[in-house]
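Below is one structure, written out as structure tokens; comments come after it.
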Amino acid sequence: MGNLELRPVVIVSGPTACGKSELACEIAAALQGEVINLDSVQIYSGLNIGSAKPEPQV
385 MGNLELRPVV
395 IVSGPTACGK
405 SELACEIAAA
415 LQGEVINLDS
425 VQIYSGLNIG
435 SAKPEPQV
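Just so you know, we're using my numbering here: the sequence shown kicks off at 385 and counts up by one.
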């Protein structure tokens with residue numbers, strides 16, 4: 385494990401449909417890296433927030 389190469393971590397964030405995925409793919413290709421995609425719903429799982437939250441049953 386002594387030869388681990390530290391690589392840059394690039395975070396691309398922004399509103400829906402603004403071109404984040406395309407930009408992330410271009411950056412990954414330029415850096416010979418990969419894209420790991422997360423959505424706010426995954427990040428805030430278990431928290432009481434409004435993103436993609438269904439209406440409570442009446």
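Where is the CB? At the ideal position from N, CA and C, for every residue including glycine.
(message) Less than 9 Å between the beta carbons of Ser397 and Val419, yes or no?
(response) Taking 9 Å as the cut-off, the Cβ atoms of Ser397 and Val419 do not count as close.
(request) Give the DSSP-derived three-state secondary structure of Leu407 in the structure shown. (result) Note: Leu407 maps to helix in three-state DSSP.
(request) Would you mind stating whether Pro392 and Leu415 have Cβ atoms separated by less than 9 Å? (result) Taking a C-beta distance under 9 Å as the contact criterion, Pro392 and Leu415 qualify as a contact pair.
(request) For Ala446, name the three-state secondary structure that DSSP assigns. (result) No information on residue 446 is available, as it lies outside the stretch 385 to 442 that the chain covers here.
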